[in-house]
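Q: The structure that follows is given in the form of structure tokens.
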Amino acid sequence: MAATIPHAGRPVDRRGILIELGGTALVVFALTVSLVGFHIKDISGGIALDLRFVDVASAVAIAIVVRGWLILMRHGHHRVVAASAAAVAAVLVVSLLFGGAGVQPWLPFKAQLLQWLLAVLSAGFAIGSAVRMARERRPVLSGAGAAQDGAQDGAAPDEQAALMDRVSAQVQRNALWIGAVLFLAAAAFPFMPGVNLQYLDIAVLVLTYIMLGWGLNIVVGLAGLLDLGYVAFYAVGAYSFALFASPDSPLLQDLGWTEGVSFWLCLPFAGLMAALAGVALGFPVLRLRGDYLAIVTLGFGEMIRVTLLNFYSLTKGPDGISNIPPPSLLGYSTQSKMDEETLENTTEFHTAMGWEFDQADTTILLYFVILAMALATNFFTVRVRKLPVGRAWEALREDEIACRSLGINPTNTKLTAFGFGAMFGGFAGSFFATRQTFVSPESFTFIESAVILAIVVLGGFGSQIGVVVAAFLLIGLPEIFRELQEYRMLFFGGSMVLIMLWRPAGLLAHREPTIRMHGRRARASTGSGG
Amino acid sequence: MTEAAGAETRSGRDVMLDIRGVETFYGRIQALRGVDIEVCRGEIVTLIGANGAGKSTLLMTVCGDPRAAAGRITLDGVDITYKATFEIVRMGLAQAPEGRRIFPRMTVRENLQLGATTGDEEHFDGDLERVYDLFPILRNRADQRGGTLSGGEQQMLAIGRALMSRPRLLLLDEPSLGLAPMIVKQIFEVVAEINNAGTTVFLVEQNAYHALRLADRGYVMANGRIILSGTGEELLANAEVRAAYLEGGH
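First to last, the sequence lines map onto chains A and B.
Read left to right, the first sequence gives residues 117 to 646 (the numbering used here).
Read left to right, the second sequence gives residues 13 to 262 (the numbering used here).
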């Protein structure tokens with residue numbers, strides 16, 4: 117392909133192009149050699165290092181070709197790009213559809229989905245360059261094709277940003293309708309045709325993160341306190357429930373209770389414990405601001421995890437607490453009798469109803485429990501914004517000095533935000549415990565906090581529907597695309613980067629442009645005043 | 013620390029806010045060098061001075077941020093020098109701070125609601141009406157975001173928000189800053205109206221002419237010190253004041 121460049125109408129900087137291609141290859145090589153090149157495989161009797169340099173080479177080759185296409189398009193060779201990209205796409209599609217086992221080894225990468233993505237990418241290039249070609253042919257008379265092309269390049273992202281802004285504004289305006297539709301869809305989801313246990317499980321997981329996102333949104337989105345240790349409250353809630361509910365818990369044995377406490381009794385307790393943890397953390401650290409607060413909360417998250425890991429007599433450390441029962445329904449247990457001898461004298465819901473025990477029913481129950489809990493979180497957030505305390509949270513996020521000058525006690529106000537946010541984290545934690553039937557400190561690492569925060573940031577601070585969209589993107593899609601294995605995280609990271617480039621304030625963030633101007637003006641006048 | 017409420021001072025007048033020998037530092041830089049100011053009940057007192065004289069610092073020090081390093085500030089005889097800002101505000105002092113500091117992403121109404129944080133709920137509707145009557149434009153803009161208001165409207169909102177806490181003493185920091193002369197006139201008229209309704213006003217201004225005409229008494233500050241004081245008319249007639257603050261088109 118590179119051979120076609122010298123025939124271009126405009127002078128071409130060959131050396132620059134070579135450097136560009138070489139640089140791309142180098143970056144892709146450096147990225148992929150460690151991520152993709154070495155693969156640790158489980159084999160019988162240990163693990164083995166699997167070298168996959170073919171994949172690395174394919175990735176580098178693909179990057180060079182794509183970069184080449186970009187360079188060609190920049191120099192106006194749309195026809196070459198359209199033809200070659202279409203050819204590549206066609207070859208890929210044909211071999212994927214009809215190639216069968218014979219062609220597979222010749223294609224780069226083993227995962228089907230990756231190959232399809234490649235095909236889509238080349239098709240996209242083909243279409244894109246074809247569109248440009250058509251567009252360029254029309255204004256040839258003006259003789260300023262290149263300049264116009266450049267202008268269009270510059271305008272396109274702006275148009276897109278404006279479009280997305282309009283979308284977010286629309287979403288905000290019609291939040292009630294969208295919320296109602298989403299709610300109905302969520303309520304009907306378990307009974308839709310084609311929904312199997314796997315999808316239901318993913319939905320439960322996504323809803324858990326939606327709830328966590330909404331909970332954290334109280335702290336980060338409303339009160340503007342950056343909390344990097346939200347998982348600590350999740351852990352406190354999970355363990356508060358597990359310690360009282362599981363027959364295996366050391367606490368229960370110490371107390372001499374033979375039966376665990378019901379989920380519904382434990383739920384408020386777990387929320388309370390988490391809220392107390394939030395207030396206990398908040399009290400000494402809330403005079404810190406911004407980055408400093410973030411660092412301390414980060415440390416707090418780790419402290420809780422390490423405590424759980426080492427307080428063996430209470431938490432059984434890394435062994436974790438197992439045998440946590442699922443939530444009961446109307447006073448009936450929802451477990452199957454098979455796996456629990458201690459429940460022999462209790463009646464199960466399915467026997468009371470005369471149903472066969474079915475794992476799917478338990479999952480549906482879990483689904484509705486988390487749906488109700490998540491909706492409660494959302495309802496709380498939406499309502500509290502209309503109350504003085506919620507308004508004070510938002511005001512505090514905007515301007516702490518102004519708040520104090522209005523007689524708002526900033527420490528107490530932040531503490532309530534921290535406490536309420538932690539409480540919902542605790543609720544979600546108990547749900548997590550009852551769903552997993554097992555908790556161990558391993559589930560509460562920093563990456564969890566990071567993912568929850570990413571959901572809030574990606575959705576747009578303070579946007580409730582944004583959290584739903586982001587939770588689906590960050591939790592749902594990777595689960596659905598499990599087939600991609602470790603490439604999943606590559607896509608995860610890549611899409612995060614792209615979204616942050618494209619929508620730095622979050623997917624559905626919609627802000628008044630006056631804020632920034634006002635901020636600048638306010639600062640300027642502070643500087644000049646006596 | 014508490015003396016008899018409404019302490020009678022040397023002059024025998026009913027002093028509400030008493031600032032005595034206050035010194036304030038920003039790090040090592042001294043911004044206030046022993047400031048004495050009295051504000052009596054029912055008065056409008058103004059503090060004028062050039063940029064950087066320490067006027068805003070004084071107002072902020074009264075509110076406890078930054079704290080005075082020396083001296084004493086009492087409000088109705090109660091020592092507030094070391095009280096937290098929100099506690100001082102709850103004692104019946106309200107400030108329309110420098111740079112207005114309204115909440116740009118909240119509606120006008122929400123801004124006013126936040127101003128009523130310390131007040132009773134039963135007064136809320138009446139207070140809101142009163143603010144809307146003082147500044148009718150705010151009534152029209154009630155559901156608009158604060159950040160979309162013009163500078164003058166934002167200043168009105170800042171004053172209105174401060175009034176929502178039913179203050180006995182209102183501190184205003186450069187309400188005329190950056191506003192058109194027409195709007196300035198309007199705002200000063202409202203300040204007079206607020207004062208007539210019984211609120212004591214302490215006004216910090218660069219716009220010396222308007223401020224001194226409005227005020228019962230005035231102080232002139234330079235380099236962190238009070239260099240002159242007197243009634244509004246006296247100061248307006250003072251040659252020094254005229255030369256330093258009134259010549260040149262205010």
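Ideal Cβ positions, reconstructed from N, Cα and C, are used throughout, including at glycine.
This structure is a prediction, so every number in the text was calculated from the model and none was measured.
For B/M233, which beta-bridge partners are listed by DSSP?
A: If you number the second sequence from 1, residue 233 of chain B lands on position 221. B/M233 pairs with B/G61, B/I238.
Q: Taking C-alpha atoms, which residue in B/I49, B/I41, B/Y221 lies nearest to B/A81?
A: Sequence index remark: in the second sequence, residue 81 of chain B carries index 69 (1-based). When each option's Cα is compared against that of B/A81, the closest is B/I41.
Q: To the nearest angstrom, how far is it from the Cα of B/N63 to the Cα of B/L189?
A: As a working mapping, residue 63 of chain B is identified with position 51 in the second sequence. As a working mapping, residue 189 of chain B is identified with position 177 in the second sequence. The straight-line gap from Cα to Cα measures roughly 12 Å.
Q: Would you tell me roughly how many angstroms separate the C-alpha atoms of B/G61 and B/V216, rounded to the nearest one?
A: Your numbering for residue 61 of chain B matches position 49 in the second sequence. Your numbering for residue 216 of chain B matches position 204 in the second sequence. Using only the alpha carbons, I get a separation of about 9 Å.
Q: Using only alpha-carbon positions, find the residue among B/G66, B/C75, B/T86 that is nearest to B/D26.
A: In the second sequence, residue 26 of chain B corresponds to position 14, counting from 1. That would be B/T86, whose Cα lies nearest to the Cα of B/D26.
Q: Please tell me whether, using a cut-off of 7 Å, the distance from the CB of B/N152 to the nearest non-hydrogen atom of the ligand HEM is below it.
A: As presented, the structure is devoid of all ligands, the ligand HEM included, so that no description of it is given.
Q: When Cβ atoms are compared, which residues of the region 117-141 of chain B fall closer than 8 Å to chain A?
A: From the region 117-141 of chain B, only R117, M118, E122, Q125, L126, G127, T129, T130 have a Cβ closer than 8 Å to chain A.
Q: Do A/L234 and A/I180 have their beta-carbon atoms positioned less than 8 Å apart in this structure?
A: Position 64 of the first sequence, counted from the start, is the residue given in the question as residue 180 of chain A. Position 118 of the first sequence, counted from the start, is the residue given in the question as residue 234 of chain A. No, the pair does not count as a contact, with Cβ atoms beyond the cut-off.
Q: Give me, in chain order, the residues of the same chain whose beta-carbon lies closer than 6 Å to that of A/V395; leave out the 5 immediate sequence neighbours on both sides.
A: Position 279 of the first sequence, counting from 1, holds the residue named residue 395 of chain A. These residues qualify, in order along the chain: L531, G535.
Q: Which same chain residues end up closer than 7 Å to A/T324 when comparing Cβ atoms and leaving out the 5 residues on each side of it in sequence?
A: On the first sequence, position 208 is the one that residue 324 of chain A refers to. Excluding residues within five positions, the ones whose Cβ falls inside 7 Å are I486, A544, F547, F548.
Q: If we ignore side chains and look at the alpha-carbon of each, how far apart do A/V197 and A/R183 end up?
A: Along the first sequence, one-based indexing puts residue 197 of chain A at 81. Along the first sequence, one-based indexing puts residue 183 of chain A at 67. If I take the Cα positions, the gap works out to 11 Å.
Q: Give the range of the alpha helix (DSSP H) segment to which B/Y10 is assigned.
A: An answer regarding residue 10 of chain B cannot be provided, because it is not within the stretch 13 to 262 covered by chain B.
Q: Who does B/R45 pair with in a DSSP beta bridge?
A: Start at 1 with the first residue of the second sequence, and residue 45 of chain B comes out as number 33. BP columns for B/R45 point to B/E35.
Q: What are the start and end residues of the alpha helix (DSSP H) that includes B/I199?
A: Here residue 199 of chain B corresponds to residue number 187 of the second sequence, with the count starting at 1. Where B/I199 is concerned, the enclosing alpha helix (DSSP H) stretches over 193-208.
Q: Using alpha carbons as the reference points, say which of B/M176, B/G127, B/Q125, B/L150 lies closest to B/D139.
A: Residue mapping note: residue 139 of chain B aligns to position 127 of the second sequence, counting from 1. Answer by Cα proximity: B/M176.
Q: Quick one: give me the first and last residue of the alpha helix (DSSP H) that A/E516 is part of.
A: Against the first sequence, residue 516 of chain A aligns to sequence position 400. First-last of the alpha helix (DSSP H) with A/E516: 516-521.
Q: Do the region 104-119 of chain B and the region 162-169 of chain B touch if we need at least three Cβ pairs shorter than 8 Å?
A: These segments touch.
Q: Measure the CB-CB distance between A/F379 and A/A361 and report whether it falls below 8 Å.
A: The residue given as residue 379 of chain A occupies position 263 in the first sequence. The residue given as residue 361 of chain A occupies position 245 in the first sequence. Yes.
Q: Quick one, are the C-beta atoms of A/I420 and A/A351 less than 8 Å apart?
A: Here residue 420 of chain A refers to the residue found at position 304 when the first sequence is read from its first residue. Here residue 351 of chain A refers to the residue found at position 235 when the first sequence is read from its first residue. Yes; because the gap between Cβ atoms is below 8 Å, this pair is in contact.
Q: Going along the region 520-540 of chain A in order, which residues come within less than 8 Å of chain B, judged by CB to CB distance?
A: Hits within the stretch, in order: R520, S521, L522, G523, I524, N525, P526.
Q: Thinking A/I480 and A/P594 are a contact (beta carbons under 8 Å), I'd like their distance in whole angstroms, please.
A: Counted from its first residue, the first sequence places residue 480 of chain A at position 364. Counted from its first residue, the first sequence places residue 594 of chain A at position 478. So it is not a contact: roughly 23 Å between Cβ atoms.
Q: Just to confirm, is the Cβ distance from B/V47 to B/M28 under 8 Å?
A: In the second sequence, counting from the first residue as 1, residue 47 of chain B sits at position 35. In the second sequence, counting from the first residue as 1, residue 28 of chain B sits at position 16. For B/V47 and B/M28, no; Cβs fall outside 8 Å.
Q: At a CB-CB cut-off below 8 Å, which residues of chain A make contact with B/P109?
A: Here residue 109 of chain B corresponds to residue number 97 of the second sequence, with the count starting at 1. Neighbours of B/P109 on chain A, chain order: I517, A518, S521.
Q: Which partner residues of A/I163 appear in the DSSP bridge assignment?
A: Here residue 163 of chain A refers to the residue found at position 47 when the first sequence is read from its first residue. Its beta-bridge partners are A/D158.
Q: Could you please give the first and the last residue of the uninterrupted alpha helix (DSSP H) stretch that includes A/V573?
A: Position 457 of the first sequence holds residue 573 of chain A. Per DSSP, A/V573 belongs to the alpha helix (DSSP H) from 562-575.
Q: Does DSSP put B/A81 in a helix, a strand or coil?
A: In the second sequence, counting from the first residue as 1, residue 81 of chain B sits at position 69. In this structure, B/A81 counts as coil in the three-state DSSP scheme.
Q: Identify whether B/F214 lies in helix, strand or coil by the three-state DSSP scheme.
A: Indexing the second sequence from 1 puts residue 214 of chain B at position 202. Three-state result, B/F214: strand.
Q: Return the residues of the region 480-508 of chain A that lie within a Cβ-Cβ distance of less than 9 Å from chain B, sorted by chain order.
A: If the cut-off is 9 Å between Cβ atoms, the region 480-508 of chain A has P504, R507, A508 near chain B.
Q: With a CB to CB cut of under 6 Å and the five nearest residues on each side skipped, what residues in its chain are close to A/G261?
A: Position 145 of the first sequence, counting from 1, holds the residue named residue 261 of chain A. At A/G261 the pLDDT is 42, less than 50, meaning the model places this residue with poor confidence and gives no usable figure here.
Q: B/F214 and B/L183 look like a contact to me (Cβ under 8 Å); what is the Cβ gap, rounded to whole Å?
A: Taking the second sequence and counting its residues from 1, one reaches residue 214 of chain B at position 202. Taking the second sequence and counting its residues from 1, one reaches residue 183 of chain B at position 171. Contact flag correct, Cβ pair sits at about 5 Å.
Q: Could you pull the DSSP bridge partners for B/I56 from this structure?
A: Here the question's residue 56 of chain B lines up with position 44 in the second sequence. B/V213.
Q: Decide yes or no for the touch test of the region 562-572 of chain A against the region 379-388 of chain A: beta carbon pairs closer than 8 Å, at least 3 of them.
A: Not touching, per the Cβ criterion.
Q: Excluding sequence positions up to five away, which residues of its chain have a Cβ less than 6 Å from the Cβ of A/F357?
A: What you label residue 357 of chain A is simply residue 241 of the first sequence in a count that begins at 1. C382, A386, S546, A549.
Q: Less than 8 Å between the C-beta atoms of B/R153 and B/M118, yes or no?
A: Locating residue 153 of chain B in the second sequence gives position 141, where the first residue counts as 1. Locating residue 118 of chain B in the second sequence gives position 106, where the first residue counts as 1. Cβ atoms of B/R153 and B/M118: not closer than 8 Å.
Q: Starting from A/D700 and walking both ways along the beta strand (DSSP E), at which residues does that stretch end?
A: No statement about residue 700 of chain A is possible, as the shown extent of chain A runs from 117 to 646 and does not include it.
Q: With DSSP run on the structure shown, which of helix, strand or coil describes B/R117?
A: Here residue 117 of chain B refers to the residue found at position 105 of the second sequence. Coil, per DSSP.
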